[in-house]
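Position one of the sequence shown corresponds to residue 1 (full-length UniProt numbering), numbered consecutively onward. In this text, a Cβ means the ideal position worked out from N, Cα and C, and glycines have one as well. Remarks on the structure that follows.
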Amino acid sequence: MKLHHLDEYLLVAEKPAGLLSVPGRLPENRDCLVSRLQVLYPDALTVHRLDQVTSGLMLYARGKVMQAALSAQFEKRAVSKRYEAVVQGVIEGDAGEVALPLICDWPNRPRQMVDFERGKPALTRWWVLARDAEAQRTRVELEPVTGRSHQLRLHMASLGYPIVGDVMYGAQPAGRVQLHACRLGFVHPVSGQVVEFVSKSPF
């Protein structure tokens, strides 16, 4: 667990792949990033989440007042988020977007699915960073304009380019799901300054 920023109002930490963001329901799923942080910073509170398989930057509030202020930025989509991923297949275009409504696939939860009648609107923008024709893979930057559960994973799979290692959405098994939250920008609720944090992709 690496800290990228710490002050009396908030902190930015890096979540490793495989660790939960918040505690699960079962006793064996109590270990998570927020509980580890609270050992050192008891006032640390969750503002947003990353999937267990995803690594990268997470923002935590220190105290209820800051939690409300930071949560409001997420709700207003005022937080800038970028992810880096490696997907199966070679994408031809250089950039694009996916707008497909998503809903939980309840019999198979936590899996999500596209549902045009009941799904919530979801929008992802993508850009190609590099292509590897020999390995038949593409490195992409992803922007989740909306923040639906599993949005980036399902949207890329729906294009026919599942994220490497994401067996849930049709990819071949790999050491990990190659999805990393690499940039996070927001307005500091006390200073009013726009701050941005960057984390290099580990894959």
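Our two residues, H5 and L45, have alpha carbons roughly 15 Å apart in a direct line. For H188, the closest alpha carbon among the candidates A13, M156, D51, V79 is that of V79. Proximity to D43 across L129, Y9, S55 peaks at Y9, based on C-alpha coordinates. The region 147-154 and the region 22-29 do not touch, with fewer than three beta-carbon pairs separated by less than 8 Å.
L40 sits exposed, since fewer than 16 C-beta atoms from the chains shown fall within 10 Å of its C-beta.
Below 8 Å, enough C-beta pairs join the region 165-180 and the region 83-99 to call them touching: three or more.
The C-beta distance from R77 to V12 rounds to 19 Å, too long to fall under 8 Å, and the pair is not in contact.
Here L57 is near L184, since their CB atoms are less than 7 Å apart.
According to the DSSP secondary-structure assignment, T138 is paired through a beta bridge with V87, R131. When DSSP reads this structure, H48 sits in no beta bridge, so it has no partner. For Q172, there is no enclosing beta strand (DSSP E), since its DSSP letter is neither H nor E.
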